[in-house]
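Student: Residue numbers (the numbering used here), protein chains in the order written: chain W, 186 to 704; chain V, 186 to 704; chain G, 58 to 506; chain B, 58 to 506. We put the beta carbon where it would ideally sit given N, CA and C, even for glycine. Being a predicted model, the structure only gives us computed values, none of them experimental. One structure, as structure tokens, below. Some questions next.
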Amino acid sequence: MVGERKMATAGKIAREVEQMQTPPVAPEAPAAADVRSVPLLFEESAAGRSGADIIARTAGDRDAAAILGAALCRDDIPGFPELSEPQVMRHFLRLSQLNFGQALQFYPLGSCTMKYNPVLNDEMASLTGFSALHPMTPAHLAAGALELMAWLEGALAEITGMDAVSLHPAAGAQGELAGLLMMRAYHRKRGAARHKVIIPDTAHGTNPASCTLAGFEVVVARSNRRGFLEAAEIRRLASDDVAALMVTNPNTLGIFEPEIAAIADVLHERGALLYLDGANMNALLGVAKPGHMGADIVQLNLHKTFSTPHGGGGPGAGPVAVKKHLAPFLPLPRLRQDGEAWSFDYDRPDSIGRLRGFHGNFGMLVRACSFILALGGNGLTEASRFAILAANYVRTRLEPHFPSATAEPSMHECVLTHDLEKRADVNTLDIAKRLLDFGIHPPTIYFPLVVHGALMIEPTETETRETLDTFVNAMERIYAEALSNPELVRTAPHTLWLSRVDEAHAARRPVLRWQPDKE
Amino acid sequence: MVGERKMATAGKIAREVEQMQTPPVAPEAPAAADVRSVPLLFEESAAGRSGADIIARTAGDRDAAAILGAALCRDDIPGFPELSEPQVMRHFLRLSQLNFGQALQFYPLGSCTMKYNPVLNDEMASLTGFSALHPMTPAHLAAGALELMAWLEGALAEITGMDAVSLHPAAGAQGELAGLLMMRAYHRKRGAARHKVIIPDTAHGTNPASCTLAGFEVVVARSNRRGFLEAAEIRRLASDDVAALMVTNPNTLGIFEPEIAAIADVLHERGALLYLDGANMNALLGVAKPGHMGADIVQLNLHKTFSTPHGGGGPGAGPVAVKKHLAPFLPLPRLRQDGEAWSFDYDRPDSIGRLRGFHGNFGMLVRACSFILALGGNGLTEASRFAILAANYVRTRLEPHFPSATAEPSMHECVLTHDLEKRADVNTLDIAKRLLDFGIHPPTIYFPLVVHGALMIEPTETETRETLDTFVNAMERIYAEALSNPELVRTAPHTLWLSRVDEAHAARRPVLRWQPDKE
Amino acid sequence: MRFFPHTESDIRAMLDTIGARGLDDLIAHVPASLRASAAINLAPGKNEAEIVAELGSLAARNTGASAFASFLGFGAYRHHVPAAVRAITARAEFATSYTPYQPEASQGTTEAIFEFQTMITQLTGLEVANASMYDGASATAEAVLMAHRVAPKRKRVALARALWPDYRDTVRTYLSALEHLELVEVPFDPQSGATDLAALERIADDRLLCSVIGYPNAFGIVEPLGEAAALTRRAGAIAIAVTAEPLALGLLKSPGELGADIAVGEGQSFGLAPQFGGPGVGFMAARMAHLRQMPGRLVGETHDRFGRRAWCLTLATREQHIRRERATSNICTNHSLCALAATVYLAMMGRRGLRELASRNVELAHRAAATLASAGICARFGAPFFNEFVVNAGDAAAALARAERATILAGLALDSYWPELGGALLVSVTEMNTQSEFDRLAGALAGVN
Amino acid sequence: MRFFPHTESDIRAMLDTIGARGLDDLIAHVPASLRASAAINLAPGKNEAEIVAELGSLAARNTGASAFASFLGFGAYRHHVPAAVRAITARAEFATSYTPYQPEASQGTTEAIFEFQTMITQLTGLEVANASMYDGASATAEAVLMAHRVAPKRKRVALARALWPDYRDTVRTYLSALEHLELVEVPFDPQSGATDLAALERIADDRLLCSVIGYPNAFGIVEPLGEAAALTRRAGAIAIAVTAEPLALGLLKSPGELGADIAVGEGQSFGLAPQFGGPGVGFMAARMAHLRQMPGRLVGETHDRFGRRAWCLTLATREQHIRRERATSNICTNHSLCALAATVYLAMMGRRGLRELASRNVELAHRAAATLASAGICARFGAPFFNEFVVNAGDAAAALARAERATILAGLALDSYWPELGGALLVSVTEMNTQSEFDRLAGALAGVN
Ligand SMILES: Cc1ncc(COP(=O)(O)O)c(C=O)c1O
Ligand SMILES: Cc1ncc(COP(=O)(O)O)c(C=O)c1O
């Protein structure tokens with residue numbers, strides 16, 4: 186009977202969407218825009234206001250300018266903000282309400298794993314013992330932090346089936362760079378520099394970009410019609426100058442690379458390595474370990490699989506995990522245990538060195554620990570299964586109007602296409618913008634590049650079936666609108682305070698800062 | 186030049202308001218409503234969901250029902266919510282966005298002192314040493330909390346010019362009750378029970394309600410045409426059966442009671458007391474101390490003058506301050522100092538006793554301390570002067586269309602009227618609702634009762650001049666609209682996701698809870 | 058000052074508009090004698106870092122807050138507060154709004170209160186609940202006043218002696234002006250610790266206005282509420298159940314089901330930290346028949362001009378701002394944000410979790426009692442208890458001191474509240490306590506450590 | 058599990074829709090060998106209270122976080138963080154959104170980043186700033202790579218030896234694949250502690266790609282950036298200024314004004330707690346002429362269909378998701394929420410406050426230096442410094458140990474980074490330090506306590 190009630194609710198939501206009033210095609214700019222828009226800090230400033238009360242100078246102290254000499258000092262910071270504390274608070278609180286966020290809206294942004302971010306994690310990271318800890322604190326006075334890092338390295342090794350982990354990289358792309366540089370060092374150490382890295386045509390943009398940065402030439406492997414890599418293709422490309430294959434698994438079509446093990450063998454026979462981009466690890470928890478697929482290197486995105494908040498574009502963390510033979514090359518510093526006590530080890534001659542300051546994005550590491558503790562081995566395993574369930578449910582329900590780009594079963598995300606461009610001159614961007622009118626953040630669009638007009642949908646394990654149904658209903662509704670009233674979709678969004686933003690204009694005549702004279 | 190820029194900005198905002206699109210008179214229900222409305226928790230539930238993971242029963246423990254006997258236990262809580270943690274978070278985060286709040290919108294709610302609430306205050310209250318402190322903790326293990334309370338009592342005594350303070354009452358109205366019961370005890374102690382309390386016709390509703398609760402009969406004093414109380418009127422009413430006059434100063438018209446000292450003399454001659462409702466203390470900081478006006482009792486609203494957040498309707502705190510002769514009657518417990526150490530004193534034979542559990546709304550007391558420390562003596566003094574400046578600025582600017590209900594100078598708030606009811610059949614409620622379309626929370630309306638269609642405006646000291654100008658421009662705009670397009674105002678709001686709410690309907694057929702069968 | 062936006066030129070321009078020369082012109086009409094002596098003699102304003110240092114050191118001196126294993130209860134309980142509660146109550150939209158007089162700008166608050174009201178009726182088994190009261194003690198006093206409005210002819214209020222002293226004192230204070238009312242204390246059975254039903258029966262006649270019984274009572278004992286309510290109602294009086302540990306309502310039969318007419322209590326256990334005793338949140342539920350006599354705010358369901366569901370404050374004609382001296386109560390500001398905390402907490406716990414947590418509390422408390430008993434510290438009372446119980450500690454003061462030296466707050470000595478309970482100690486157990494703490498407690502009380 | 062909404066009936070219904078019998082059907086296509094060995098051997102899930110206990114005890118073991126008077130700096134600084142910064146960055150709308158690909162749903166983030174970019178240009182005196190980098194060290198490496206794109210023919214990178222070792226190592230790592238580039242270290246003058254301009258001049262020829270100078274440098278010294286930049290630019294090379302203590306930019310002449318072409322640095326001082334070293338936020342500013350070679354995201358001003366001002370990501374053609382292997386950088390996720398924290402912090406401090414705070418840091422640091430000098434602990438270098446300085450501590454290790462016993466973290470021994478600086482101690486002072494701490498420090502270092 187409660188079951189029924191839930192069904193009823195799901196139905197209700199569906200009906201609501203059905204019954205939504207169709208917004209006018211080109212509505213008058215609503216007054217709401219004037220009310221909700223927020224002037225820039227600089228425009229809200231007035232001479233003499235400040236949100237800070239600095240401790241007054243102690244009697245006898247000479248003024249800083251006098252100490253340093255006026256020649257070294259600036260007179261002023263022209264145009265810098267001058268607001269009271271209440272103004273600053275109101276400014277940013279009002280700005281916040283102009284954002285969609287996973288905590289408030291369904292946010293199925295493919296490849297980004299927008300799962301629920303437990304608020305407890307942020308509280309844990311803000312414990313004084315963690316947040317106020319200076320990075321140069323002697324190890325014996327930071328024992329808890331070092332132990333936490335050691336524990337997390339171990340947990341990630343267990344989850345990925347790898348031998349050693351470095352928590353050093355700041356994000357996935359930096360994890361990639363670390364991995365590629367290790368690969369480079371590894372081959373040189375073995376006396377044979379290699380200059381090429383194979384990357385499938387489905388790869389995320391950071392993969393080729395990282396290769397260039399690491400001094401490798403990119404060789405593109407074509408995935409087959411079914412959307413995955415064949416061992417044959419790798420065999421064809423794997424020359425002696427190939428250092429590695431860099432592949433995402435599940436790949437960016439959301440499908441598991443079925444020949445991954447064979448591919449690993451091919452590579453290893455040729456003395457090449459397998460780099461596995463672990464950004465899609467949310468499909469693999471308790472399902473398959475990269476280490477068992479023959480991966481030599483894998484980076485993880487803690488801000489995806491391990492729930493650290495995306496923060497409007499970071500900060501994240503991109504730990505890199507490797508097999509034994511690559512461990513000596515891991516970035517500095519490494520953790521070392523003497524008896525009970527942990528400390529940092531800088532004496533690693535083969536290490537590629539460091540890619541950033543200090544010891545990694547520790548604040549994010551605390552959050553990931555809190556998440557892993559909350560789920561535990563059992564919860565992590567459930568997580569991937571529920572994520573896969575959600576993706577396949579959405580895919581199946583949308584199949585009639587938005588067919589999958591591949592016939593292969595989906596893992597944690599699905600990539601769909603549509604025929605609305607042909608049928609109604611409505612493109613994927615239009616669909617994405619119209620979704621905003623339903624209070625839903627659009628999926629990733631136009632990626633992977635191999636799929637025309639792709640809609641890449643990753644619902645994650647923390648969304649209810651009711652929410653997925655609401656999304657499906659909205660998509661179907663939009664499909665119908667595109668045929669009955671295409672202009673409505675082409676000009677979306679209509680119900681936000683702001684209508685469609687002209688991105689081309691921004692690039693044509695870049696205005697990248699506020700300037701007084703502009704006023 | 187920055188000065189100019191600020192002027193420019195102020196002008197800009199004014200212009201923006203001018204240029205606001207006039208929303209359609211009776212717009213279609215926008216789809217936004219369907220998107221922004223939030224189903225009830227009960228409607229989002231599904232059997233088996235939970236946001237809690239309870240520690241599993243320890244082996245060997247008997248089940249609670251077995252321990253207590255099934256006869257004492259219920260089987261279930263029918264209809265109780267069943268949601269996952271992410272659902273709960275999304276539910277309340279989305280609900281929060283349906284509220285206006287002082288931190289986000291101008292909120293000139295008269296008599297409520299909606300000033301900025303510093304976020305630091307909440308952090309201070311949440312320090313483990315305060316938040317986790319159990320009320321039954323032995324005094325020597327709660328020394329910091331007791332000292333904080335003692336310090337606050339002293340600070341409030343200094344601010345009000347009174348002799349003794351109790352932090353016990355939970356809110357202003359309970360402070361009133363405490364004061365009136367003390368008055369009652371005081372007169373009995375002196376052998377002469379008195380049964381009447383004089384209250385001006387401008388009084389806040391809690392004043393008469395508290396009198397009844399304290400067993401007093403209310404005698405209404407009429408304020409004169411100019412809006413204040415004359416000593417003559419009090420002399421006329423102050424019989425030997427009159428226990429006291431209960432007056433708010435500044436009164437609810439926002440004007441200072443000029444004859445307050447003479448009135449106090451009249452009362453004291455008659456053996457009666459002066460109770461001063463200190464809810465409007467935000468006008469008096471460093472301007473005039475109730476104690477010096479001859480007040481015998483005054484309650485303070487920490488959630489008004491001292492910035493503790495209003496919380497959608499509390500919690501607040503209503504400390505009561507008295508002169509020496511009333512100190513013995515203060516509520517229990519009192520603070521006692523032995524040497525350095527503070528403790529609670531319950532041995533006060535003349536005390537009226539307690540009006541609530543434990544020692545007051547301590548969490549709010551911490552916030553008020555943080556606020557008083559931040560402003561200091563100088564800041565508190567500035568606060569009232571800036572609050573008075575803002576009120577008079579708004580009053581002067583609005584005078585042409587919204588004349589003041591009184592010719593007397595305003596203190597921290599002003600009460601305005603208008604002729605739109607006669608001229609355009611647009612009433613004060615309509616004006617209030619239309620203000621919502623401008624992103625402004627309406628003032629207090631229809632209060633004080635002595636002013637027909639009153640608009641009671643309290644801008645407080647923390648709002649910028651630009652914000653006051655925006656408000657004034659909106660009010661003028663609405664005045665014009667009422668004449669040119671009255672229906673637009675009568676049917677406001679138009680730009681919120683929800684249109685005007687039918688309050689009468691709610692009272693006609695009260696639905697005060699959700700019930701399964703309703704679904 | 059960082060909170061004030063007023064620049065010199067702002068002040069000047071505003072004064073010009075008003076037509077004043079200086080700020081003091083604006084208060085020139087306030088009698089000079091008052092202004093002359095109005096200076097506030099307090100230290101100058103401090104910045105954030107200074108405030109953090111000052112209040113932080115005060116907080117640090119409350120060593121009882123964290124440095125001890127605690128068994129303190131007696132109306133305030135130590136339960137885990139989920140992070141979600143803090144995250145939601147910290148939302149500026151909730152924290153910095155006021156009483157939702159303008160429903161169009163307050164649907165967040167009104168919908169949440171409607172949910173609070175609903176969950177309180179579900180927990181209490183009654184038909185209507187209000188938007189919140191200050192706390193459990195004042196809610197109890199308001200319940201008696203409400204009963205008085207329902208049955209104005211009756212004069213005798215029966216208060217269980219096993220109620221919390223704070224609650225009894227608060228009722229006494231609130232009623233002190235109603236001299237025609239008589240407070241009668243109903244004793245508890247010294248063996249069972251439950252209210253003496255025979256004693257209640259003796260006064261259950263047509264003079265009886267209401268009975269007020271703890272559920273559970275101040276000793277943690279699950280009172281025979283059903284029988285007490287039956288006796289009360291048979292006499293035509295109003296049965297009031299008072300709950301200070303509302304977690305118990307997740308497991309025990311609801312007061313409504315047992316025949317209570319009014320259920321009141323303290324909601325602090327639902328997502329609020331102890332905070333040295335406040336703010337908590339009072340709740341009150343009753344039968345629909347008594348709706349018009351209920352104090353406090355009520356949120357009701359309605360719709361907007363386009364028929365969309367909405368919520369708003371309703372039935373305000375009972376309240377002070379409309380009814381003034383004839384209002385059902387003088388309450389205005391209530392404890393809305395605390396009610397929101399409770400709403401978030403209960404939503405997190407949910408139908409299953411709340412019952413499980415209540416059960417864990419019962420199980421742990423009984424394990425603690427067993428541990429103490431096996432150390433020779435025996436229970437004082439025989440009746441079933443929820444998560445607190447009374448033991449004989451011999452010299453209670455000495456036992457508490459021993460425990461404190463072992464960094465344990467062992468509980469509360471009851472003799473200062475009930476002289477007849479010399480040597481009695483109230484021990485409160487929640488899910489925050491562990492078996493190792495029970496062992497340490499037993500050792501300390503038994504004096505073997 | 059509390060984060061998962063899926064009920065039995067949900068799972069069943071969803072599987073039916075898909076046409077699968079069980080969850081494992083959905084992964085049946087994953088090779089069995091992989092599935093068979095995929096079990097994750099970690100403890101079962103914990104509830105909130107258990108996690109708080111576990112991580113709380115780890116945090117408590119970091120006694121260096123709060124129990125000591127600290128003089129640690131060296132690229133991470135202890136400044137007061139206003140409560141407003143925490144309140145804003147905790148907003149779910151900011152924290153749980155991602156890169157603002159959909160501007161209509163991201164105006165909060167895009168407008169704040171636009172403000173961040175603007176304030177970075179104001180502080181650095183340059184024309185364009187990006188949306189953030191990971192941190193100061195990686196931003197420095199990216200700056201060198203950017204310079205390389207601007208002047209691809211030049212091969213020699215001059216790194217000041219007085220830069221932070223982490224920064225130098227990071228540059229080395231990022232450049233390790235570009236074997237045709239040569240890293241040259243520019244020594245510092247042992248007397249002044251400032252970079253040796255003569256040495257820079259010697260390599261300032263047409264082979265020079267760029268110079269990288271700290272401002273202030275790793276010793277806290279205000280480098281002669283103007284001269285260094287002039288030398289560099291005279292050679293047709295690119296002058297890069299690196300700032301790890303950005304508070305200095307509130308008081309010192311801006312890098313742009315002094316002739317730097319690129320200014321990069323670490324923004325942690327602006328509203329971010331030390332957090333054991335991360336996350337902080339890297340910033341980068343440059344001249345408009347070099348815009349197209351800049352790495353990272355950029356937010357630009359534009360308008361919506363109705364001409365209303367709006368902001369969006371722009372010039373993405375430089376970035377990996379468009380340009381792929383020819384992108385200006387591989388950076389994707391940056392440190393946006395940290396940039397927001399800095400934006401809130403700078404807005405709170407403001408035009409006047411930032412300068413005042415910087416001045417206080419200078420004044421206090423010099424008072425500390427004077428206090429130490431009068432105790433015989435003398436400064437190692439002669440050049441002007443901001444809020445850190447180097448002293449001769451004799452046996453640095455012993456001095457640090459003495460200080461630690463007096464609950465002081467006296468600073469950092471520099472000899473492990475610069476062997477030539479035996480006995481040198483870097484002492485960092487902020488507005489969080491007090492005169493009494495200076496006195497205790499002097500006592501401890503001088504060994505008189
Ligand atoms: C498949 C894939 N690889 C790599 C990345 C790069 O990770 P990050 O953005 O943390 O640098 C992402 C995330 O955008 C991704 O989706
Ligand atoms: C003048 C006046 N007196 C008394 C009160 C009652 O205070 P509280 O709401 O805190 O009970 C108020 C606040 O509403 C008020 O404005």
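Tell me where the alpha helix (DSSP H) around Lys607(V) begins and ends.
Tutor: As a working mapping, residue 607(V) is identified with position 422 in the second sequence. 605 to 609 is the extent of the alpha helix (DSSP H) around Lys607(V).
Student: Note down the Cα distance separating Gln359(W) from His392(B), rounded to an integer number of angstroms.
Tutor: In the first sequence, residue 359(W) corresponds to position 174, counting from 1. In the fourth sequence, residue 392(B) corresponds to position 335, counting from 1. Straight-line Cα distance between these residues: approximately 13 angstroms.
Student: For His626(W) and Gly121(B), which I take to be in contact (beta-carbon distance under 8 angstroms), what is that distance rounded to the nearest angstrom?
Tutor: On the first sequence, position 441 is the one that residue 626(W) refers to. On the fourth sequence, position 64 is the one that residue 121(B) refers to. With a Cβ gap of about 42 angstroms, His626(W) and Gly121(B) do not count as contacting.
Student: Less than 7 angstroms separating the Cβ of Cys389(B) from some heavy atom of ligand 1?
Tutor: One-based indexing of the fourth sequence puts residue 389(B) at position 332. At least one heavy atom of ligand 1 is nearer than 7 angstroms to the Cβ of Cys389(B), so yes.
Student: Suppose you measure from the CA of Arg685(W) to the CA of Gly412(W); what does that come to, to the nearest Å?
Tutor: Here the question's residue 685(W) lines up with position 500 in the first sequence. Here the question's residue 412(W) lines up with position 227 in the first sequence. Roughly 33 angstroms separates the two Cα atoms.
Student: Beta-carbon of Val696(V) versus every beta-carbon of chain G: anything under 8 angstroms?
Tutor: For the purposes of this step, residue 696(V) is identified with residue 511 of the second sequence, where counting begins at 1. Yes, because at least one Cβ of chain G sits closer than 8 angstroms to the Cβ of Val696(V).
Student: Could you spell out the range, first to last residue, of the beta strand (DSSP E) harbouring His360(G)?
Tutor: For the purposes of this step, residue 360(G) is identified with residue 303 of the third sequence, where counting begins at 1. Element bounds for His360(G): 356 to 360.
Student: Can the beta-carbon of Gly364(V) be found less than 8 angstroms from the beta-carbon of Tyr155(G)?
Tutor: Taking the first residue of the second sequence as 1, we reach residue 364(V) at position 179. Taking the first residue of the third sequence as 1, we reach residue 155(G) at position 98. Contact flag unset, no.
Student: Is the shortest distance between the beta-carbon of Arg234(W) and the beta-carbons of chain G less than 8 angstroms?
Tutor: In the first sequence, counting from the first residue as 1, residue 234(W) sits at position 49. True, the Cβ-Cβ gap to chain G drops below 8 angstroms.
Student: Which chain G residues are close to Thr591(V), counting only those with a beta carbon under 8 angstroms from its beta carbon?
Tutor: Locating residue 591(V) in the second sequence gives position 406, where the first residue counts as 1. Simply none; closest approach about 12 angstroms.
Student: Shorter than 7 angstroms, the distance from the beta carbon of Asn486(W) to the closest heavy atom of ligand 1, or not?
Tutor: Here residue 486(W) corresponds to residue number 301 of the first sequence, with the count starting at 1. Within the cutoff, so yes.
Student: State the start and end residues of the unbroken beta strand (DSSP E) segment that holds Gly485(W).
Tutor: Translated into positions along the first sequence, residue 485(W) becomes position 300. The question names Gly, yet the displayed sequence has Leu at residue 485(W). Run containing Leu485(W): 482 to 485, per the beta strand (DSSP E) assignment.
Student: Which chain B residues are close to Glu105(G), counting only those with a beta carbon under 7 angstroms from its beta carbon?
Tutor: The count along the third sequence starts at 1 and reaches residue 105(G) at position 48. Within chain B, the residues near Glu105(G) are His137, Pro139, Ala140.
Student: Can you find a C-beta in chain B that's less than 8 angstroms from the C-beta of Gln272(V)?
Tutor: Position 87 of the second sequence holds residue 272(V). Yes - at least one Cβ of chain B is within 8 angstroms of the one on Gln272(V).
Student: Under 8 angstroms, do Leu352(V) and Glu338(V) count as touching if we go by C-beta distance?
Tutor: By 1-based counting over the second sequence, the position of residue 352(V) is 167. By 1-based counting over the second sequence, the position of residue 338(V) is 153. The answer is yes: Cβ separation under 8 angstroms.
Student: What in chain B is Cβ-close to Asp246(W), meaning under 7 angstroms?
Tutor: Sequence index remark: in the first sequence, residue 246(W) carries index 61 (1-based). Chain B residues near Asp246(W): Glu420, Arg424.
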